[in-house]
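Take a look at the structure set out below.
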Amino acid sequence: MKVIFTGTGSGKASLKRNHSSFLISTRSYNLLVDAGDGISKALLSARIPYNSINGILLTHLHADHYSGLASLIVQMKMNKRKEQLDVFVHKDISGTVRNFIYQSYLFEEKLNFKLNFIELEENITLPVNEKFSLTFRQNSHLDEYLQFDHSKKLKFPCGSFLFTVNGKNIFYTGDIGGGSDLSLFDDQELHYAISEITHVEMKEIINFYRAAKPKILFLTHISEEIKVKNLVPGKFKGKILLAYDGLIVTL
Ligand SMILES: [Zn+2]
């Protein structure tokens with residue numbers, strides 16, 4: 079399996095880093111994790127053909143994670159896609175995402191390919207295919223917004239994930255609310271970890287690394303304000319790695 083980091087930036091647009099996204103590429107399935115603003119260009123830069131993507135997972139509905147979805151689907155259509163596209167999204171926001179696509183005039187009859195929505199639920203492990211599964215667990219990233227929804231109608235799912243490929247577990251924090259979310263999968267063996275570094279302190283990441291002992295921990299969602307030089311102490315060299323746009327790792 080390969081992980082290709084197509085974007086390692088934060089929510090703030092940057093010329094150095096695209097918004098956070100990566101592709102998990104296995105022999106039989108390519109899953110794109112998040113599709114924020116600029117995702118189509120990010121895929122072009124990484125030389126990932128649009129139609130090599132079998133499925134897209136949206137971790138939550140912040141614009142830097144989902145707002146490029148409609149434009150990516152347009153690119154797929156322009157590249158004459160025929161194969162179905164899986165869209166993994168939490169059940170509480172799948173209607174919103176379907177409407178976003180529909181209201182972008184991306185009707186299935188015109189697309190010539192099927193959009194297959196697969197709805198995530200708390201702690202339910204979904205098979206992506208025979209050798210690939212994923213599990214959603216709610217984190218606290220969006221909790222601060224609850225007070226602003228005076229309609230009381232909005233839902234706030236935001237996921238941290240366990241990806242299991244050929245028996246190897248990758249923990250992906252997604253965007254989190256703080257260090258306590260790092261332990262969401264502490265009941266699992268974590269072979270690898272991918273953590274954001276915008277909403278959590280480096281010392282909390284190090285504590286997590288020491289407890290969970292993944293082989294390698296990759297840092298992503300790196301804002302320009304973060305001083306990356308000396309961010310990772312020397313003794314974690316080769317163990318905690320700062321990802322960059324275009325980084326390809328074989329796990
Ligand atoms: Zn973000």
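The numbering used here puts the first residue of the sequence shown at 79, with every later residue one more than the last.
Glycine included, every Cβ here is placed at the ideal spot set by N, Cα and C.
Report buried or exposed for residue 226, applying the criterion of at least 16 other Cβ atoms within 10 angstroms of its Cβ. Per the 10 Å Cβ criterion, exposed.
Residue 96, buried or exposed, once every other Cβ within 10 Å from all chains shown has been counted against 16: buried
Cβ neighbours of residue 167 in the same chain (closer than 6 Å, five flanking residues each side left out): 136, 175
Confirm the yes/no value for this check: CB of residue 123, any heavy atom of ligand 1, distance under 7 Å. no
Threshold first: 4 residues or longer. Then list the alpha helix (DSSP H) segments lying entirely within the stretch 270 to 329, N to C. Whole alpha helix (DSSP H) segments, 4+ residues: 280 to 290.
In chain order, each beta strand (DSSP E) run of at least 3 residues that lies wholly inside the stretch 167 to 206: With a minimum length of 3 residues, the continuous beta strand (DSSP E) runs that stay inside the stretch 167 to 206 are 193 to 198.
Within the same chain, show all residues whose beta-carbon is closer than 6 Å to that of residue 192, passing over the 5 residues directly before and after it, in chain order. 162
Please work out which residues of its chain come closer than 6 Å, Cβ to Cβ, to residue 138, disregarding the five sequence neighbours upstream and downstream, and give them in chain order. 236
Would you say the beta carbon of residue 85 is closer than 7 Å to some non-hydrogen atom of ligand 1? no
State the DSSP-derived secondary structure class of residue 87, mapped to helix, strand or coil. strand
Indicate the three-state DSSP secondary structure (helix, strand or coil) for residue 155 in the structure shown. For residue 155, the secondary structure class from DSSP, reduced to helix, strand or coil, is helix.
Closer than 7 Å: is that where the CB of residue 88 sits relative to any heavy atom of ligand 1? yes
Between which two residues does the beta strand (DSSP E) containing residue 134 stretch? Residues 133 to 135.
If you count every other CB in all the chains shown that lies within 10 Å of the CB of residue 127, and 16 or more means buried, which is it? exposed
Quick one, are the C-beta atoms of residue 140 and residue 89 less than 8 Å apart? Cβ distance < 8 Å, so residue 140 and residue 89 count as in contact.
Go ahead and pull the three-state DSSP assignment for residue 130. Helix.
Buried or exposed: which applies to residue 111, given that a residue is buried once 16 or more other Cβ atoms fall within 10 Å of its Cβ? buried
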